[in-house]
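Chains as they are written, first to last, in this note's numbering: chain A, 1 to 137; chain B, 1001 to 1137; chain C, 2001 to 2137. Here a beta-carbon is modelled for each residue, glycine too, at the ideal position from N, C-alpha and C. Keep in mind the model is a prediction, meaning the values are calculated, not measured. Here the structure comes first, spelled out in structure tokens, and everything after it is commentary.
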Amino acid sequence: MPLVRIAVRQGKSAAYRRAVADAVHEGMVEAIRVPKEDRFQIVTEHDADGLIVDRTFLGVDRSDDAVIVQISLRRGRSVELKQALYKRIVEKLADGPGVRPADVLIVLSENDLADWSFGNGEAHYVLNPPQPIAAAA
Amino acid sequence: MPLVRIAVRQGKSAAYRRAVADAVHEGMVEAIRVPKEDRFQIVTEHDADGLIVDRTFLGVDRSDDAVIVQISLRRGRSVELKQALYKRIVEKLADGPGVRPADVLIVLSENDLADWSFGNGEAHYVLNPPQPIAAAA
Amino acid sequence: MPLVRIAVRQGKSAAYRRAVADAVHEGMVEAIRVPKEDRFQIVTEHDADGLIVDRTFLGVDRSDDAVIVQISLRRGRSVELKQALYKRIVEKLADGPGVRPADVLIVLSENDLADWSFGNGEAHYVLNPPQPIAAAA
């Protein structure tokens, strides 16, 4: 169910972009039990004037290689699950494409079950609600 | 009032992109009575690594030509209206640009009347609230 | 905390894009007291088929040079603060890059404190909540 928008710096390889997308998805699968097949991502590239991040806000040491991840997902994950999600995404991004943890900004936007159509014009989660949200592992 | 972001696969014609945007808007006008003139859309093109959709999630048979539609709109449409909206957008996309119904992902994000400024720095809907949301046709 | 997506028309100079981003940020700093360092923006360029705005909706006289600003920010600003924000952003955009006030569409999406990670996988505002939202100046 999540729709994920990932903004990366221009000039990286296609393999890097793919690894970033993979890492973000794996983080979601592992931390908040998103089904492996529930993957919908938009990855965009931006030059320095198109991806502007402060270098020090809240004491985080950001670089030119910032990655911004905006996730739309259904309402209801606990604060603990969200914390686990941030931690896992950042670990995966460090392990795979080698993104520095300080360079990962993550923002969530919650909506409701009726706000999703996965194809064929159906509101899938109205008739067949997904699994209840699991507690943190 | 809606702001609509539409992501399509790169390499299609300008006519295709325009027909996709037209179809989404017509679906909104017909299904949830958005005024014809209330049209604000951002259409982006993405290569295969930039627009990632699972091919089978929830049993929907998606292809390379997936279209992702993310709609920001004011809170309050009923579940029935949202279902009608998905159905109509998908019909319009099939009729016009010929998008396969299985290839259309739609996600809604609701906000409030004070969250919109349509120009000149005014919060138009604070002073002049729009029509109440109509029931499904 | 805000994440700001700004869509401008293609074919403008890098200086114009930067001035637009600066103006939007200054408007947020001045009107709703976002910290100066709390700046995270994604600026994208679009051709005429990629940035579609109605020319007259609600009596606003829009042109080819429309700018769409979508701001994700934490829940809780009053209607008065939002009105002040729209007004200030539009003034700054007129003063700096010379954007016509009628050409500025602004949309807000609110979320919660736990929905933000500013790096290192931390949910910064869970452990260290930001300043309470100030009243309008």
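Item                                                                                                              : Value
Pair within 7 Å by beta-carbon distance, residue 2024 (chain C) and residue 2069 (chain C)                        : yes
Cβ of residue 2003 (chain C) within 7 Å of any chain A Cβ                                                         : yes
Where residue 1057 (chain B) falls: helix, strand or coil (DSSP)                                                  : helix
Pick from C:2033, C:2059 and C:2039 that is closest to residue 2132 (chain C), judged by C-alpha positions        : C:2033
Beta carbon of residue 2118 (chain C) nearer than 7 Å to that of residue 58 (chain A)                             : yes
3 or more residues per run - each beta strand (DSSP E) lying fully within the region 1054-1106 of chain B         : 1067-1074
Alpha-carbon spacing of residue 2055 (chain C) relative to residue 2001 (chain C), whole angstroms                : 32 Å
Alpha carbon of residue 2022 (chain C) to alpha carbon of residue 2108 (chain C), nearest angstrom                : 18 Å
Check whether residue 102 (chain A) and residue 2120 (chain C) have beta carbons under 7 Å apart                  : yes
The region 45-55 of chain A contacting the region 1-15 of chain A, beta-carbon criterion three pairs below 8 Å    : yes
Closer than 7 Å to chain C by CB, residue 137 (chain A)                                                           : Low confidence applies to residue 137 (chain A): its pLDDT is 49, below 50, so where it sits in the model is not reliable, and the reading given next is rough at best. Judged by the 7 Å Cβ criterion, residue 137 (chain A) is not in contact with chain C.
Reduced DSSP category for residue 1034 (chain B) - H, G, I as helix; E, B as strand; rest coil                    : coil
Nearest-angstrom beta carbon gap, residue 2075 (chain C) and residue 2111 (chain C) [assumed within contact, 8 Å] : 7 Å
Where residue 2018 (chain C) falls: helix, strand or coil (DSSP)                                                  : helix
Under 8 Å from the C-beta of residue 109 (chain A): neighbouring residues of chain C                              : 2072, 2109, 2111 and 2115
7 Å Cβ cutoff, residue 2022 (chain C) in contact with chain A                                                     : no
Chain-ordered neighbours of residue 131 (chain A) on chain C, where CB pairs are closer than 8 Å                  : Those do not exist, as residue 131 (chain A) stays about 21 Å from chain C at its closest Cβ, beyond 8 Å.
CA-to-CA distance, residue 2060 (chain C) to residue 2066 (chain C), given in whole angstroms                     : 11 Å
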